[in-house]
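Participant: One structure, as structure tokens, below. Some questions next.
Numbering (my numbering), first residue to last: 41 to 366.
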């Protein structure tokens with residue numbers, strides 16, 4: 041696990057880090073049927089080599105960070121839907137890290153990536169709403185106690201940390217109480233872990249549950265373990281306004297707060313229909329407009345930029361070119 045200083049130094053060296061894109065979309069492109077409550081998490085048991093292929097594709101496309109296939113793979117979800125015990129579930133979560141680590145090794149072995157260019161593995165921690173598999177990670181309307189949230193997240197985080205993820209991606213978070221619970225859990229149980237926190241939105245100024253983003257940002261900045269903050273799995277058209285709002289909020293944070301880099305990895309602009317388990321609508325941005333959007337996000341303070349649902353290696357390559365030239 042990187043230290044906060046390690047991450048800051050890497051970011052200072054690179055200027056901007058590129059994260060990967062959609063995992064499930066690429067698994068489907070490679071022929072997998074993911075119509076299952078575990079989504080891409082099911083492939084951990086049945087098609088792990090394909091997950092590794094996707095990670096490699098993203099590294100070779102220009103990603104600095106591969107996000108593990110554990111977003112939907114909470115230990116509770118794995119036990120419920122695969123009929124396995126806690127140890128087996130934690131082993132599958134560890135496998136998600138191993139696959140990204142192996143893909144990283146392969147990426148270096150191709151000779152296309154310099155050994156001195158540090159590639160990272162981020163352990164994905166999806167929200168409780170992802171376990172519910174009803175689209176509530178985009179609403180944040182579920183209620184659990186702090187203890188219940190922590191009991192849900194603890195074993196998956198333990199497995200990700202144990203297997204050597206470089207940092208955690210606490211992602212697609214829709215509600216303040218769940219974010220509070222995870223930040224407190226990291227402090228009490230995983231004091232050497234670092235994480236970025238990214239949220240889904242109701243609009244540019246509010247979390248999906250209606251909480252003001254400035255309040256969530258202030259909470260995140262109060263923890264030395266949080267190394268970046270921003271948004272993911274929101275339409276591209278919303279990202280610029282959301283980042284501009286967060287950038288303005290950073291100026292007003294108390295001086296003693298952790299100065300957080302911002303991050304953005306939006307979806308394609310299509311909308312997830314939890315009932316039919318399909319994506320509806322059209323891409324919000326044409327492929328040739330992505331570089332322009334990336335420039336806007338960078339200007340609005342984003343230091344970690346990637347893609348989320350329905351985006352692939354070609355999109356990540358376009359982001360990398362826009363940021364690095366070439």
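Positions of the beta carbon are idealized from the N, C-alpha and C atoms, including for glycine.
1. Using three-state DSSP, classify residue 299 as helix, strand or coil.
2. Helix, strand or coil for residue 316 per DSSP?
3. Would you list, in sequence order, the uninterrupted alpha helix (DSSP H) runs of no fewer than 4 residues that lie entirely inside the region 237–262?
4. For residue 55, I'd like the list of residues in its chain whose CB is within less than 6 Å of its CB, leaving aside the five on either flank, ordered along the chain.
5. Output yes or no for whether 9 Å exceeds the beta carbon distance between residue 298 and residue 253.
6. Pairing CB atoms from the region 134–144 with CB atoms from the region 94–103, are three or more of them under 8 Å?
7. Could you tell me the boundaries of the alpha helix (DSSP H) in which residue 205 lies?
8. Hey, out of 357, 76 and 229, whose CA is closest to residue 113's CA?
9. Would you call the region 155–175 in contact with the region 192–208, where contact means no fewer than 3 C-beta pairs closer than 8 Å?
10. Quick test of your reading: residue 139 and residue 109, contact by CB under 8 Å. State the CB separation rounded to the nearest angstrom.
11. Taking the beta carbon of residue 291 as the centre, do at least 16 other beta carbons fall within 10 Å, making it buried, or is it exposed?
12. Do you know offhand how far residue 234's Cα is from residue 222's?
13. Could you compute how far the alpha carbon of residue 242 sits from the alpha carbon of residue 103?
14. By how many angstroms is the C-alpha of residue 123 removed from the C-alpha of residue 85?
15. Which residues bound the beta strand (DSSP E) around residue 136?
16. Kindly indicate the opening and closing residues of the beta strand (DSSP E) around residue 105.
17. Thinking C-alpha only, which one of 91, 158 and 196 is nearest residue 133?
Facilitator: Let me lay it out:
1. By one-based count along the chain shown, residue 299 stands at place 259. In the structure shown, residue 299 sits in coil (DSSP, three-state: anything other than H, G, I, E or B).
2. Taking the first residue of the chain shown as position 1, residue 316 is located at position 276. In this predicted model, residue 316 has a pLDDT of only 49, less than 50, meaning its place in the structure is not dependable enough to derive any value.
3. Unbroken alpha helix (DSSP H) runs of no fewer than 4 residues, entirely contained in the region 237–262, are found at 253–261, following chain order.
4. Start at 1 with the first residue of the chain shown, and residue 55 comes out as number 15. Spatial neighbours of residue 55 in its own chain (CB-CB distance under 6 Å, excluding positions within 5 residues in sequence) are not present.
5. Counting from 1 along the chain shown, the entry for residue 298 is found at position 258. Counting from 1 along the chain shown, the entry for residue 253 is found at position 213. In this structure, the beta-carbon distance from residue 298 to residue 253 does not fall below 9 Å.
6. yes
7. Position 165 of the chain shown holds residue 205. Per DSSP, residue 205 belongs to no alpha helix (DSSP H) and is neither H nor E.
8. Counting from 1 along the chain shown, the entry for residue 113 is found at position 73. When each option's Cα is compared against that of residue 113, the closest is 76.
9. yes
10. As a working mapping, residue 139 is identified with position 99 in the chain shown. As a working mapping, residue 109 is identified with position 69 in the chain shown. Residue 139 to residue 109, Cβ: 7 Å. Contact.
11. Translated into positions along the chain shown, residue 291 becomes position 251. The residue is exposed, with fewer than 16 neighbouring Cβ atoms inside 10 Å.
12. Sequence index remark: in the chain shown, residue 234 carries index 194 (1-based). Sequence index remark: in the chain shown, residue 222 carries index 182 (1-based). So the two alpha carbons sit approximately 12 Å from each other.
13. If you number the chain shown from 1, residue 242 lands on position 202. If you number the chain shown from 1, residue 103 lands on position 63. Spanning the two alpha carbons is a distance of roughly 28 Å.
14. Numbered from its first residue, the chain shown carries residue 85 at position 45. Numbered from its first residue, the chain shown carries residue 123 at position 83. The alpha-carbon atoms of residue 85 and residue 123 are separated by roughly 12 Å.
15. One-based indexing of the chain shown puts residue 136 at position 96. It is not in any beta strand (DSSP E) - residue 136 instead sits in the alpha helix (DSSP H) that spans 126–149.
16. Taking the first residue of the chain shown as position 1, residue 105 is located at position 65. From DSSP, the beta strand (DSSP E) with residue 105 extends over 105–107.
17. To locate residue 133, count along the chain shown from 1; it is residue 93. It is 196 whose Cα lies nearest to the Cα of residue 133.
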